[in-house]
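Novice:
Protein chains: 2
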Amino acid sequence: MSTETRAADAASPGGDEPIRIAQVEIRPTEGLAVVAGRAVALSVREFELLSALARRSGHVVAREELFSSVWGGPLRSGDRSIDVYVHKVRQKLEAASPGWSFIHTHIGFGYRFSPEPMA
Amino acid sequence: MSTETRAADAASPGGDEPIRIAQVEIRPTEGLAVVAGRAVALSVREFELLSALARRSGHVVAREELFSSVWGGPLRSGDRSIDVYVHKVRQKLEAASPGWSFIHTHIGFGYRFSPEPMA
DNA sequence: GACGAGTGTTCACACCGCGTTCACGGTCGG
DNA sequence: CCGACCGTGAACGCGGTGTGAACACTCGTC
């Protein structure tokens, strides 16, 4: 409830401090995430996407903002890169912690990181 | 009781400041509502309807006014969109906070937003 | 230089949620 | 009993999103 943005607030955009939310731990210096005690190997893009979302855990991050934050430019219309990478990260997270969902879609807005048990 | 319209008064129509009433928090920049600590996913229409009502929390908002505020035009006779969306928003709010009612019907006039324990 | 593994991008198709409208039922007052 | 009004579920077209696959690029190794 109140732990939503606690860890996120301290981290500057690109900070090296580990981000810890529920059973998820993100280690910027290693490009590694640990979920439910399991190490999850992520590529650079995957890792930066997860970090961008986790830094604002509990809040909806707009597609525009997400793209410029990870890809470093304006979002071209028709670009589906975000969708593809959200899918990849979802797969890996949920594989490490079955029965939980982490990245929630907000149609027309963007995505929200928030570990929750699946319905 | 006395906190009813406090947060709403400060927000200009379309302001980006979060609206907070009782256990309900509305975040305009995210299209997200948080009720009793639970994130409630709302579509664009649902969100704007809730915002329009919450901005005038405790007051009855006429159907005419509600429609022009959310749909942006005059209310055509026979249009039931408002009823449908009030129903959708009610469902989601009450699912997040069982035992409470939030949107009250004033037949012939309109609707009133006011979180109250169910009878 | 040829090769393969890993990564990032683009494409095509399937699917689902959104917004609108229709249909039926219930409630209330005249 | 009838009409006005609202609650509620469902059908439908459409656009946004999920998802698997093909393609292109980089970087080691041999």
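First to last, the sequence lines map onto chains A and B.
Okay, so the first sequence: first residue is 1 according to the working numbering, each after it adds one.
Okay, so the second sequence: first residue is 1001 according to the working numbering, each after it adds one.
In this text, a Cβ means the ideal position worked out from N, Cα and C, and glycines have one as well.
It should be emphasised that the depicted structure is a prediction, and the values quoted were computed from it without experimental measurement.
(1) With DSSP collapsed to three states, give me the class of residue 55 (chain A).
(2) CB residue 1089 (chain B) to CB residue 1046 (chain B), shorter than 8 Å?
(3) Buried or exposed: which applies to residue 48 (chain A), given that a residue is buried once 16 or more other Cβ atoms fall within 10 Å of its Cβ?
(4) Which two residues bound the contiguous beta strand (DSSP E) that contains residue 113 (chain A)?
(5) Which bits of chain B does residue 60 (chain A) rub up against, with CB to CB less than 7 Å?
(6) Is residue 32 (chain A) helix, strand or coil when you go by DSSP?
(7) Look at the Cβ atom of residue 1021 (chain B), then the Cβ atom of residue 1052 (chain B), and state whether they are nearer than 8 Å.
(8) Since residue 102 (chain A) and residue 109 (chain A) are thought to touch, with beta carbons under 8 Å apart, how far apart are those beta carbons, to the nearest angstrom?
(9) Mapping DSSP to helix, strand and coil, what is residue 1063 (chain B)?
(10) Which whole-angstrom value is the C-beta distance of residue 1023 (chain B) and residue 1036 (chain B), which I expect to be below 8 Å?
(11) Using three-state DSSP, classify residue 1046 (chain B) as helix, strand or coil.
(12) Is the Cβ-Cβ distance between residue 1050 (chain B) and residue 1039 (chain B) less than 8 Å?
(13) In this structure, does DSSP put residue 107 (chain A) in helix, strand or coil?
(14) Under 8 Å, Cβ to Cβ, is there at least one residue of chain A near residue 1101 (chain B)?
(15) Is residue 1101 (chain B) helix, strand or coil by DSSP?
(16) Can you grab the Cα-Cα spacing for the pair residue 43 (chain A) / residue 65 (chain A), in whole Å?
(17) By Cβ distance, which residues of its chain are closer than 6 Å to residue 28 (chain A), with the 5 residues on each side in sequence left out?
(18) Pick helix, strand or coil for residue 27 (chain A), following the three-state DSSP scheme.
(19) At what residues does the beta strand (DSSP E) containing residue 38 (chain A) begin and finish?
(20) Let me check one thing: in DSSP terms, what residues is residue 19 (chain A) bridge-paired to?
(21) Which value, in whole angstroms, describes the spacing of the CA atoms of residue 116 (chain A) and residue 30 (chain A)?
Specialist: Considering the structure as presented:
(1) coil
(2) yes
(3) buried
(4) 110-117
(5) 1030, 1031, 1032
(6) strand
(7) no
(8) Residue 102 (chain A) to residue 109 (chain A), Cβ: 17 Å. No contact.
(9) helix
(10) 5 Å
(11) helix
(12) no
(13) coil
(14) no
(15) strand
(16) 20 Å
(17) 16
(18) strand
(19) 38-41
(20) A:26
(21) 25 Å
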